[in-house]
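>
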Amino acid sequence: MTIEQYAAPETLDELTRLLSGGNALIFAGGTDVMPQTRAGARQFQPYLINASRVAGLRGISREGARIRIGALTTVTDILESNLLSEHVPVLVEAADCFASGQVRNTATLGGNLCNASPAADLAIPLLLVDAELELSSNDNGAPSRRVVPISDFFVAPGKTVLKPTEILTRVIFDAPPSGFRARFIKFGTRPALDIAVVSVGVAGATANMVFAITRVAFGAAAPTPIRGKKTEELLEGRLLVDDTILAASSAAQKDVSPISDVRGSAWYRRELVRTLTERALHDVA
Ligand SMILES: Cc1cc2nc3c(=O)[nH]c(=O)nc-3n(C[C@H](O)[C@H](O)[C@H](O)COP(=O)(O)OP(=O)(O)OC[C@H]3O[C@@H](n4cnc5c(N)ncnc54)[C@H](O)[C@@H]3O)c2cc1C
34 MTIEQYAAPE TLDELTRLLS GGNALIFAGG TDVMPQTRAG ARQFQPYLIN
84 ASRVAGLRGI SREGARIRIG ALTTVTDILE SNLLSEHVPV LVEAADCFAS
134 GQVRNTATLG GNLCNASPAA DLAIPLLLVD AELELSSNDN GAPSRRVVPI
184 SDFFVAPGKT VLKPTEILTR VIFDAPPSGF RARFIKFGTR PALDIAVVSV
234 GVAGATANMV FAITRVAFGA AAPTPIRGKK TEELLEGRLL VDDTILAASS
284 AAQKDVSPIS DVRGSAWYRR ELVRTLTERA LHDVA
């Protein structure tokens, strides 16, 4: 499809109004959209909207107990954030495994989530902190917002609950309590510039002087990034001793439903899930 019009709005109001007209494709950093359209995996729409200039959607802040990250915040911004290093180092850890410096400078958090790849690196730490996603639209001149938990956001590979007229504006979550510890491990076939074959995240907190795991998440191991509910149930309230870690890494294999593709077979991915879960749990223990 050929592009008939191009727009680069500078306000959220302008952007959501343009989107409400339909037949539009928006991009932020373009690091997914451009290679996908070039490869024929996605079509341009008559209206191409560059969202990257919209004011107020880039930045990381803390308001009371809540941390807010704008959708246009780049991977480099995350990597260089003192606030995130202090409160959610696991998100910085995921940014540190992400692509190359050049891609990180333009790739946005919003694009990573809205592209909805099962291997989206930034989704894993955000699942660990139960992030909420603020979605904004402007239908018939009436601006509206809704908030969706990240665990309900992804529907299928490349599909989210976003309506065609909506955009992701912010990612919001509670600053984790002191004693929060988390780990993100990404396995790729190369150390850099690679999409995960499998990624695993685990997080826990100290309650009554005892550290216990509260969240487990997997990337590239199911049609969407997912929480590991069976693994979490097994770990609930248990001390992270060797036997528990072994049982949890086996349970992790029941949480996932990987596919075979060019990066690895389903069997290989299941083995990676077990091994990386064991390693991540040992690391936080
Ligand atoms: C060489 C290379 C290496 C890569 N390595 C990694 C990697 O290590 N890990 C990883 O996870 N990904 C990786 N990627 C994929 C990509 O860089 C990321 O997914 C990136 O975060 C996408 O952000 P973007 O701003 O470029 O998205 P865009 O390409 O601009 O958009 C992606 C999708 O999201 C939609 N979109 C963008 N912003 C919004 C918004 N605010 N609201 C609603 N919809 C929106 C677009 O319409 C499109 O569907 C890599 C890509 C390349 C080219």
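Following the working numbering, the numbering of the sequence shown begins with 34 at its first residue and continues without gaps. No residue lacks a Cβ here, since even glycine has one placed at the ideal position from N, Cα and C.
1. Compute the minimum distance between the beta carbon of residue 70 and the heavy atoms of ligand 1, and state whether it is under 7 Å.
2. Does residue 316 pass the burial test, meaning 16 or more other C-beta atoms within 10 Å, or should it be called exposed?
3. Taking 7 Å as the line, does the beta carbon of residue 84 fall inside it for any heavy atom of ligand 1?
4. Closest by CA to residue 195, which one among 166, 211 and 222?
5. Is any non-hydrogen atom of ligand 1 found closer than 7 Å to the C-beta of residue 51, if you look at the structure I gave you?
6. Tell me, please, whether the stretch 80 to 87 touches the stretch 113 to 130 by the rule of three or more beta-carbon pairs shorter than 8 Å.
7. How close, in whole Å, do the beta carbons of residue 309 and residue 233 come, if the pair is a contact with beta carbons under 8 Å?
8. Within 10 angstroms of its Cβ, does residue 110 collect 16 or more other Cβ (buried), or is it exposed?
9. Identify, in the order they occur along the chain, each residue of the same chain with its Cβ nearer than 6 Å to the Cβ of residue 128, setting aside the five sequence neighbours on each side.
10. Taking the straight line between their C-alpha atoms, what separation do you get for residue 283 and residue 307?
11. Fully enclosed by the stretch 157 to 224, which alpha helix (DSSP H) runs are 4 residues long or longer?
12. If contacts are defined as beta-carbon pairs under 8 Å, then residue 154 and residue 252 qualify, I think. What distance do you get, rounded to the angstrom?
13. Where does residue 148 sit, in a helix, a strand or coil, going by DSSP?
14. Given this structure, state the Cα-to-Cα distance separating residue 78 from residue 52, to the nearest angstrom.
15. Please determine, among 50, 56, 47 and 45, the residue with the shortest C-alpha to C-alpha distance to residue 38.
Looking at the coordinates:
1. Start at 1 with the first residue of the sequence shown, and residue 70 comes out as number 37. No, Cβ of residue 70 sits at least 7 Å from all heavy atoms of ligand 1.
2. Counting from one through the sequence shown, the residue named residue 316 turns up at place 283. That one is exposed.
3. Along the sequence shown, one-based indexing puts residue 84 at 51. Under cutoff, so the answer is yes.
4. As a first step, residue 195 must be located in the sequence shown, where it is residue number 162. Here the closest residue by C-alpha is 166.
5. For the purposes of this step, residue 51 is identified with residue 18 of the sequence shown, where counting begins at 1. Because no heavy atom of ligand 1 lies under 7 Å away, the Cβ of residue 51 does not count as near it: no.
6. no
7. Here residue 309 refers to the residue found at position 276 when the sequence shown is read from its first residue. Here residue 233 refers to the residue found at position 200 when the sequence shown is read from its first residue. So it is a contact: roughly 4 Å between Cβ atoms.
8. One-based indexing of the sequence shown puts residue 110 at position 77. Its Cβ being crowded by 16 or more others within 10 Å, residue 110 is buried.
9. In the sequence shown, the residue the question calls residue 128 occupies position 95. For residue 128, where only same-chain residues beyond five positions count, the Cβ hits under 6 Å are 108, 111 and 112.
10. Position 250 of the sequence shown, counted from the start, is the residue given in the question as residue 283. Position 274 of the sequence shown, counted from the start, is the residue given in the question as residue 307. Each residue's alpha carbon lies about 6 Å from the other.
11. 183 to 186
12. Taking the sequence shown and counting its residues from 1, the one referred to as residue 154 is at position 121. Taking the sequence shown and counting its residues from 1, the one referred to as residue 252 is at position 219. With 8 Å as the limit, residue 154 and residue 252 qualify as a contact, their Cβ atoms being about 7 Å apart.
13. Translated into the one-based positions of the sequence shown, residue 148 becomes position 115. In this structure, residue 148 counts as coil in the three-state DSSP scheme.
14. Within the sequence shown, the letter at position 45 stands for residue 78. Within the sequence shown, the letter at position 19 stands for residue 52. Looking at the two C-alpha atoms, the distance is approximately 12 Å.
15. Your numbering for residue 38 matches position 5 in the sequence shown. For residue 38, the nearest C-alpha among the options comes from 56.
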